[in-house]
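Participant:
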Amino acid sequence: MNIKDIFNNMDYGKAPESPDTALDWLAQHNNKFGHFIGGEWVKGPSRKGGHFDSNNPATGKALAKVAQADKKTVDKAVQAAAEAQSKWQATSGHERAQYLYAIARLLQKNARLFAVLETLDNGKPIRESRDIDVPLAVRHFYHHAGWAQLLDTEMPDHQAIGVVGQVIPWNFPLLMLAWKIAPAIATGNTVVIKPAEFTSLTALLFAEICQQAGLPKGVVNVVTGDGKTGQLIVEHPGIKKIAFTGSTAVGRWIRQATAGSGKKLSLELGGKSAFIVCNDADLDAAVEGVVDAIWFNQGQVCCAGSRLLVQEAVADRFHKKLIARMHKLRIGDPLDKSIDMGAIIDPRQQQKIATLVQAGVDAGACLNQSDAKLPKNGCFYPPTLLTDVSPSDQVVQDEIFGPVLVSMTFRTPDEAVALANNSRYGLAASIWSENINMAMHLAPLVQAGVVWINCTNQFDAAAGFGGVKESGFGREGGKEGLYEYLQDKTANSKKMTTKAKTKAKLTPVEGMDKTPKMYIGGKQTRPDGGYTYPVHDHRGDIITHVGLGNRKDIRNAVEAAASSKAWSQMNAYQRQQVMYFMAENLSYRAAEFSARLQAFGHSKKQAELEVESSIQRINYYAAWCDKYDGQVHGVPMRGVAMAMHEPIGVIGIQCPDDAPLLSFISLLAPAMAMGNRVVMTASETYPLPALDFYQVLNTSDVPAGTVNIISGEQAELVKPLAGHMNVDAVWHFGDLAETVEHESATNLKRTWTETTVRDWMKQGQGQNFLRQATQVKNIWTPYGE
Amino acid sequence: MTIKRNPGMALNLDWIESIQLNKSAIERRAATLGTRRSVKKQNQVAWLLKAITLIDLTTLAGDDTEQRVKRLCAKGKHPLRHDLIDALGIADMHITTGAICVYHDMLATAAKELAGTGIHLAAVSTGFPAGLSPLHLKVQEIKESVKAGADEIDIVITRKHVFAENWQALYDEVKAYREACGEAHMKTILATGEISTLRNVAKASMVCMMAGADFIKTSTGKESVNATLPVSLTMIRQIREYHERTGYQIGYKPAGGISKAKEALVYLSMMKEELGNDWLQPDLFRFGASSLLGDIERQLEHQVSGHYSAAHRHAMG
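If you read the sequences in order, they're chains A and B.
The first sequence begins at 4 in the numbering used here and counts up one residue at a time.
The second sequence begins at 4 in the numbering used here and counts up one residue at a time.
Listed below in structure tokens is the structure:
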């Protein structure tokens, strides 16, 4: 085309970024890589299958050969990390900060090389790797350099966990590496990280950066390989914490595989995030929001706004605008600076997208697809909008992980919330409205870890990112993300043992001849199975019988907790009043509870102290009700990112035998204070203080269903409770952690399992309890007029 | 391409009231317009030549004289050095600027200089730049300018109507101007730096189009803030809205503050992305600029020679 032709048709032409520097770097390594272990390059095995190709998805051609780490290699990496760990942890925060700072600087200096290499390996547009992935990765290291510096003064009660295993996905290879490594090493942990097998190259380049920064050997170890290598990391006994970003299916497997291992776990999994457009939205702005939501990174984004919900009055106009915009998108060579969408990671992924879209069309969806010409070679899929779909369609329920948007309409704000929450997932949501009342009304109601008001896909190291429900747990970024790589300095080591039950015949005890019932939905209830079991005093005599709860009692209790919204809808001040009332009512019955405890062998003094401590503990958490504030994060935006503490929802709590009243109260009160509803399973051996407590609840204006108390065998109750899909978290204090964690995988509920003995007097309260009772939702709200 | 001229329509307050704007979102879009598209090499040459044809080459100073205006018209007729034209092989394209834009007093001189060139002659009018002269004088000023040879009239709106949200008064005023313009095309200057909020800009844009504007224009060039990308996005999205609702295409003229070739390319890709190729023609898009041309010339010389150029190598306007 000559100048005159272009003058008339005003085409963009080609504007390719040169791949040469990145290709030169690969050539310097003879296009073949080993692992980075203990600060050295370790060659992959020379045998067949010892390496695999990393391809350029835009051309299908191999870029380099990457090694497949076997058990020996992973062992070696974990050993290197373990050897480096204590010294790294002992390094001063200031020094650790200097290393992170150096890494950030070196990333910046090599920014273009990283961007081009990322685009070659992943297929994402160079604009995105250049303007988004790399700068955000840099930002993450700078931010966490600051945390390394501040850790000793700001979080004096916490310390590193040890060796951390990290498994990351292929959609943001360098960025996810930064999200994982920066907080881990800032806090004194050492790392064995495995990039996804499709996209190992920037991780290997990053290893060189670590060398250049002079990072002590073994602090960061990079092993490459496929899922089998990931499995070796997850199952490695030398690793104390697993951080994973990837699919919900793999996340569920990891939860099961690590059950009972004592490994700390954070999972950032799939999503089907709602993108809500209200009648009063700036529709043109929202259209651009959709572009950045689902046609960013070819839609291969876990938090992609892939479920469009448009209010009926503007739906037709919005769809028209959106389709017009979709046709403007340019798809092609990812290295071209004028390209909006590059290549899909792999032909198998492309096929999966095509199959799901076809299933949608077969089910009656209306297909709107860009008619842009796709390149002949390479792996591409056009931007797609499916309308005329309903919540029952597979394309609406399942994560497609491609540039495919499904759209539904809503009539009222309530319906928008109902549709948005009608999903197993809960990663992110985007809300578009020019009415602050509407936007701020919807934001707390949608179940998601991140909410973007009038924006989408905003990320920053200072604000936590992560999901709820089956989108996983844990946060990355912000102070909330640091806790994922820290443990309490005062952690106990003595293992809990369950006391053997004594069999003896019923002996009536004077003044205590009643049979305590269970407590479900505000009512005293008999056990569903009709069985009871005896409770003994310290002499071995039977005091009374209590209900032997079974799975149906758990079912009923969860049902009651889930459907009782009153407590969660009360404001903090109201909850506080109720809890002060609870403390007061407990004090009226102090003598009665003291007698119970004495029957279990407490001395009078001990018993009175435990009751008094329990009263104080309720007051402690009542005090916290209106003080456990969130934060406003300092993100680089004109606006606020509000980190709100939200209740988890329904928490199942299995109480220990130790200090049967105080431990029960110490777990109940923080959960209540933060607005959760609970299903408590009482200490199996000493259930009476817990069962007696419903008398206090009954007289304290606690709404029915807020607290439900079941007695029975913990081992019998654990499975239905931990496996219940409507329970959002389980706290287990006992020896059944493995079962709890394994069963929790059903809906990926949060777990807090403690198998060691806790001194409930001295270690029974604190902000760590409140952290377990809440999750952080970050609400991004840009402003300006 | 022939553009059906906008006849205007009755003031529809519902359309005005339904306008929603999110400033942060508009700024985000504006910030990435220049990073999402890149025009290189031959395409850049063609785009820069296009940009020249879209320039309203302007002098609006109190010390303007006939000689100064003659020099400007000469530049408008021959914006590029001859050897560059030859090197690019574009002699037959007869590249000129889109228009010359002057005060009323300079129209006679300019009309004489531009006769037969096809270059439009624009006059700023209606008590430019403040626009606070008596209405009947402002209407008369338009008529005089048209009589003196202007085929384009750049009017300024009364800003106080915007602050008062007195859309009826704004509509009536602009409609009166449009009638006074007759066959001459009318560009309505909103003084976006003064009416301040993007919401005001959007609403004023829509009212002006309803009142019969052929173009909507950002600024007089005399405000402290002139054309910006967020303001431009706001205005052209209203143009898109008006087009979708009525079928009429309205032109856009950002004025003031655009002095670099690279910025001009961003504006062109913005028009192409948001409105389409029709809006890359002088009938529907103009740059109000005085120093942009000089930078384009330097860039074109760089494309031809491979060396960065200097201002003194190119003729003054």
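The C-beta atom is built at its ideal place from N, Cα and C for all residues, glycine as well.
For Leu311(A), which residues does DSSP report across the bridge?
Facilitator: Phe278(A) and Ser410(A)
Participant: For the candidate residues Gln252(B), Gly259(B) and Ala258(B), whose alpha-carbon lies nearest to that of Asp281(B)?
Facilitator: Nearest option by C-alpha distance: Gln252(B).
Participant: In chain order, what residues of the same chain lie with their CB nearer than 8 Å to the CB of Arg620(A), ignoring the 5 residues before and after it?
Facilitator: Leu665, Ile668, Ser669, Ala672, Gly767 and Gln768
Participant: Give a yes or no on whether the minimum CB-CB distance between Ala18(A) and chain B is below 8 Å.
Facilitator: Yes, because at least one Cβ of chain B sits closer than 8 Å to the Cβ of Ala18(A).
Participant: In the segment 45–62 of chain B, which residues sit with their C-beta less than 9 Å from some C-beta in chain A, listed in chain order?
Facilitator: Correct list: Gln45, Asn46, Gln47, Val48, Ala49, Trp50, Leu52, Lys53 and Thr56.
Participant: Extract the residue ranges of the beta strand (DSSP E) inside the segment 182–258 of chain A, only unbroken runs of 3 or more that lie entirely within it.
Facilitator: 193–197, 223–225 and 244–248
Participant: Is it true that the CB of Ala625(A) sits closer than 8 Å to the CB of Ala693(A)?
Facilitator: no
Participant: Using a Cβ cut-off of 8 Å (strictly closer), state whether Ser235(B) contacts chain A.
Facilitator: no
Participant: Comparing the C-beta of Asn457(A) with each C-beta of chain B, is any distance below 8 Å?
Facilitator: yes
Participant: Compare the C-beta of Ala28(B) against all C-beta atoms of chain A and say whether one is closer than 8 Å.
Facilitator: yes
Participant: If you measure beta-carbon to beta-carbon, which residues of the segment 269–292 of chain B are closer than 7 Å to chain A?
Facilitator: Lys275, Glu276, Asn280 and Leu283
Participant: Using a Cβ-Cβ cutoff of less than 6 Å, which residues in the same chain neighbour Pro233(B) once the five nearest sequence positions on both sides are dropped?
Facilitator: Excluding positions up to five away in sequence, the list reads Ile29, Glu30 and Ala33.
Participant: Could you check whether the Cβ of Trp783(A) sits closer than 8 Å to any Cβ belonging to chain B?
Facilitator: No, no contact with chain B.
Participant: Quick check on the burial criterion: 16 or more other C-beta atoms within 10 angstroms. Buried or exposed for Cys306(A)?
Facilitator: buried
Participant: List, in order along the chain, the chain B residues whose C-beta lies closer than 7 Å to that of Met443(A)?
Facilitator: Per Cβ cutoff of 7 Å: no residues; Met443(A) is ~15 Å from chain B at best.
Participant: Alpha helix (DSSP H) containing Phe10(A): first to last residue?
Facilitator: Bounds of the alpha helix (DSSP H) holding Phe10(A) are Ile6 to Asn12.
Participant: Rounded to the nearest angstrom, what separates Leu338(A) and Ile93(B) at their Cα positions?
Facilitator: Going by the C-alpha atoms only, they are around 31 Å apart.
Participant: Residues of chain B with CB under 7 Å from Asp285(A), in chain order?
Facilitator: Gln23, Leu24, Asn25 and Ala28
Participant: Quick one: measure Cβ to Cβ for Ile356(A) and Val407(A), integer angstroms, because I've assumed they're closer than 8 Å.
Facilitator: 6 Å
Participant: Could you please give me the residues that DSSP links to Ser433(A) through a beta bridge?
Facilitator: Phe278(A) and Trp455(A)
Participant: Between the alpha carbons of Lys340(A) and Ala327(A), how many angstroms are there, rounded?
Facilitator: 22 Å
Participant: CA-CA distance, Glu757(A) and Leu359(A)?
Facilitator: Straight-line Cα distance between these residues: approximately 42 Å.
Participant: Contact defined as beta carbons within less than 8 Å: I believe Met366(B) pairs with Ala216(B). What is the distance between those atoms, to the nearest angstrom?
Facilitator: Any answer about residue 366(B) is impossible in this case: the structure gives chain B only from 4 up to 320.
Participant: Going by C-alpha distance, which of Arg680(A), Tyr522(A), Gly552(A) and Gln580(A) is nearest Ser567(A)?
Facilitator: Restricting attention to Arg680(A), Tyr522(A), Gly552(A) and Gln580(A), the CA atom closest to the CA of Ser567(A) is found in Arg680(A).
Participant: Rounded to whole angstroms, what's the CA-CA distance from Arg592(A) to Val733(A)? Just pull it up for me.
Facilitator: 29 Å
Participant: Comparing the C-beta of Met13(A) with each C-beta of chain B, is any distance below 8 Å?
Facilitator: yes
Participant: Please go through the same chain and pick out, in chain order, the residues whose beta-carbon is closer than 6 Å to the beta-carbon of Ala569(A), but skip the five residues on each side of it.
Facilitator: Pro706
Participant: Pull out every residue of the segment 621–643 of chain A whose Cβ sits closer than 7 Å to any Cβ of chain B, in chain order.
Facilitator: Correct list: Arg641 and Gly642.
Participant: Can you find the residues in the same chain that come closer than 6 Å, C-beta to C-beta, to Arg599(A), ignoring five residues on each side of it along the sequence?
Facilitator: Leu691 and Pro692
Participant: In the segment 217–241 of chain B, which residues sit with their C-beta less than 8 Å from some C-beta in chain A, listed in chain order?
Facilitator: Arg240
Participant: Strictly by DSSP, which residues pair up with Pro785(A)?
Facilitator: Gly642(A)
Participant: Run the CB neighbour count on Tyr15(A), radius 10 Å, all protein chains shown included, and call it buried at 16 or more, exposed below.
Facilitator: buried
Participant: Flag this pair as touching only if the segment 211–228 of chain A and the segment 38–49 of chain A have three or more C-beta atom pairs under 8 Å; answer yes or no.
Facilitator: yes
Participant: List the residues of chain B that Arg130(A) touches, going by C-beta distances under 7 Å, in chain order.
Facilitator: Thr38 and Arg39
Participant: Is it true that the CB of Leu36(B) sits closer than 8 Å to the CB of Ile103(B)?
Facilitator: no
Participant: Can you grab the Cα-Cα spacing for the pair Ser496(A) / Lys79(A), in whole Å?
Facilitator: Cα-Cα distance, rounded: 28 Å.
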